[in-house]
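A quick write-up on the structure given underneath.
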Amino acid sequence: MVSVETIGKIRRAWHVHRRSIRSIAKSMGVSRNTVRKVLRSDGSAPKYRRSEQPHSKLGDFIPELERKLEANKRKKRRDRLSMKRIWRQLADQGCDASYSAVCRYAAGWDRRHGTGVSGAHVPLEFEPGEAFQFDWSHECAIIGGTTVRLRVAHMRLCHSRMSYVRAYPRETQEMVFDAHNRAFQEFGGSCQRGIYDNMKTVVDVIFAGRTRKFNARFLEMCAHFLVEPVACTPNAGWEKGQVENQVRDVRERLFREPPRFDSLEDLNDWLEESCRRHAREHPHPDDPEMTIQEVFACEERRCLIPFPGPFDGHRSLSRSVSKTCLVHFDGNRYSAAARASQQAAEVFAYADRVDIRLDGELVGSHPRSFARGRTVYDWLHYLPVLERKPGALRNGAPFRNGALPDALEAVRGRLGAFDDGDRQMVQILSAVPEDGLDEVCAACGDALDGGAVSADVVLNILSRRLDPGPAPRIELPERLRLNIEPEADCSLYDSLREIPR
Numbered sequence: 006m007v008s009v010e011t012i013g014k015i016r017r018a019w020h021v022h023r024r025s026i027r028s029i030a031k032s033m034g035v036s037r038n039t040v041r042k043v044l045r046s047d048g049s050a051p052k053y054r055r056s057e058q059p060h061s062k063l064g065d066f067i068p069e070l071e072r073k074l075e076a077n078k079r080k081k082r083r084d085r086l087s088m089k090r091i092w093r094q095l096a097d098q099g100c101d102a103s104y105s106a107v108c109r110y111a112a113g114w115d116r117r118h119g120t121g122v123s124g125a126h127v128p129l130e131f132e133p134g135e136a137f138q139f140d141w142s143h144e145c146a147i148i149g150g151t152t153v154r155l156r157v158a159h160m161r162l163c164h165s166r167m168s169y170v171r172a173y174p175r176e177t178q179e180m181v182f183d184a185h186n187r188a189f190q191e192f193g194g195s196c197q198r199g200i201y202d203n204m205k206t207v208v209d210v211i212f213a214g215r216t217r218k219f220n221a222r223f224l225e226m227c228a229h230f231l232v233e234p235v236a237c238t239p240n241a242g243w244e245k246g247q248v249e250n251q252v253r254d255v256r257e258r259l260f261r262e263p264p265r266f267d268s269l270e271d272l273n274d275w276l277e278e279s280c281r282r283h284a285r286e287h288p289h290p291d292d293p294e295m296t297i298q299e300v301f302a303c304e305e306r307r308c309l310i311p312f313p314g315p316f317d318g319h320r321s322l323s324r325s326v327s328k329t330c331l332v333h334f335d336g337n338r339y340s341a342a343a344r345a346s347q348q349a350a351e352v353f354a355y356a357d358r359v360d361i362r363l364d365g366e367l368v369g370s371h372p373r374s375f376a377r378g379r380t381v382y383d384w385l386h387y388l389p390v391l392e393r394k395p396g397a398l399r400n401g402a403p404f405r406n407g408a409l410p411d412a413l414e415a416v417r418g419r420l421g422a423f424d425d426g427d428r429q430m431v432q433i434l435s436a437v438p439e440d441g442l443d444e445v446c447a448a449c450g451d452a453l454d455g456g457a458v459s460a461d462v463v464l465n466i467l468s469r470r471l472d473p474g475p476a477p478r479i480e481l482p483e484r485l486r487l488n489i490e491p492e493a494d495c496s497l498y499d500s501l502r503e504i505p506r
């Protein structure tokens, strides 16, 4: 079975590098039929390091280790001892410190006594459409009068320096997918390579050197956009220095004082417009005669890989639906259709919504809540239960606190004076799945205007509103009209009364 990573490499080799099927199969060790099958298908943590390491095991051997390091530094490069050789010499003298402890101390000593070259970097230059850089930052904003801590996604095209910034309540994988969808749609395409930090949502395992095991869902997204993912060396921020500088610049320009907005969507609209304005007004660092927007429009836009449409960027989890038709996810509860009760469903978590599916069928969709301990209802999910238990309407949580539309709430209040008011209200609500919510609300409004409110009245009005009425009269052309109109002669029926002899 071909892995997701191999699929991504095959698609990039075919669509981006224009290699033949035979060349792809030979270089990747797969059959040509496998390559054809892939091309025909439509599918496509930072390492912790202490700033100061205790050296309890080194103890009295620290001066001796420093002497060896100093002597080793004076030697020519080809004559220097390896750290493993120095560690073994210390072990022969009775030191029981581990090899990693000796290496950590030597690295710190080298930083303190080095030549300073380790802090120097080589300037990087990128071709149009070659690469983009992605990173996160944590910022504060005032949303709806409350100060909140937001996670801000940053993307930057390395050649033109075009930027995209969007704020999210969390830094989860579905947010990464949404940020890529929106950024590539804004730019009109993607680059050949994506440069990332070693985020847990992107990288599962960090091996020695540059080897990484990327997350399978992340590789699906990269295969969809034909992007080759590249992870930086841990603690080597200069490898994605452009987006690191963008983080500092955006923080200074836009988040020095926490911005105030009524909603997160308003904040994101402002951030997107701020990125466009910055591109229009600021000169390109390598070509001051042109703005960032002009370099992007003239040089990089045509080199981008065309945008194939948004990636279905969700995170799926298996959850059971309770007897009360609720699904637990991310500290909250969401309602599902009554037919999914006590069954295993799948939750699809997107950046802005939560979908619940049962055997592939959508049984619930809600705006995502990022608070904790909330219950999100859709009262339409509970209508089949009300038909069997109409008494649950009075205290049913999905129907309280103004959950119903205004017209239905008004009818419910009028029917509350009757002994069978709940049963009548359930009869009205039961018409919603078949006739539609708008039509039922309109019928309730007509009943309220007429002053007579009951289930029979509302359903009668609804029936008359939905009645198509008599068929329209068809006017015949003149050439099809009869010259002699037939005349009714009821006497012909009398002949039927005659008894034959």
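Residue numbering for the sequence shown follows our numbering, starting at 6 and increasing by one per position.
For every residue, glycine included, the Cβ atom is placed at its ideal position computed from N, Cα and C.
- DSSP places Thr296 within a strand segment (E or B) once states are collapsed to three.
- With a cutoff of 7 Å on beta-carbon distance, Ala302 and Val326 are scored as not near each other.
- Apart from sequence neighbours up to five positions away, the residues of its chain that approach Phe334 with a beta-carbon distance below 8 Å are Leu322, Arg324, Val352, Ala354 and Val359, ordered along the chain.
- DSSP lists no bridge partner for Cys280.
- Counting the other Cβ atoms within 10 Å of the Cβ of Gly199 gives 16 or more, which makes it buried.
- Relative to Asn465, the option among Glu444, Leu331, Glu480 and Pro477 whose CA is nearest is Glu444.
- Selection Val7, Leu63, Glu249 and His22 evaluated against Ser36 yields Val7 as nearest (Cα-Cα).
- Taking His229 as reference, the option from Val437, Leu434, Ala343 and Val43 with the minimal CA-CA separation is Val43.
- Rounded to whole angstroms, the separation of the alpha carbons of Leu434 and Leu420 is 13 Å.
- In this structure, Asp140 keeps its C-beta atom at 7 Å or more from the C-beta atom of Asp183.
- Selection Asp425, Asp424 and Met430 evaluated against Glu414 yields Met430 as nearest (Cα-Cα).
- Separation of the CB atoms of Ala343 and Tyr387 is rounded to 6 Å, and the pair is thereby assigned contact status at 8 Å.
- Looking at the DSSP output, Ala350 shares a beta bridge with Arg324.
- Inter-residue distance for Ala422 and Gly149 is about 40 Å (C-alpha atoms, whole angstroms).
- When DSSP states are grouped into helix, strand and coil, Gln251 belongs to the helix group.
- Here Val416 is not near Leu224, since their CB atoms are 7 Å or more apart.
- Three or more Cβ pairs drawn from the stretch 172 to 180 and the stretch 152 to 159 lie within less than 8 Å of each other, which places the two stretches in contact.
- Judged by DSSP in its simplified three-state form, Tyr387 adopts helix.
- The alpha carbon of Glu191 has as its nearest neighbour, out of Asp84, Arg405, Ala436 and Pro313, the alpha carbon of Pro313.
- Distance from the CA atom of Ser468 to the CA atom of Val458, rounded to whole angstroms, is 15 Å.
- By the criterion of a C-beta distance shorter than 8 Å, Ala402 is surrounded in its chain by Thr380 and Tyr382, once the five residues flanking it on both sides are discounted.
- Here Met167 is near Ala284, since their CB atoms are less than 7 Å apart.
- When secondary structure is reduced to three states using DSSP, His289 falls in the coil class, being assigned neither helix nor strand.
- For the pair Asn337 and Trp114, the Cα-to-Cα distance works out to about 51 Å.
- DSSP places Glu75 in the uninterrupted alpha helix (DSSP H) bounded by Ile67 to Arg79.
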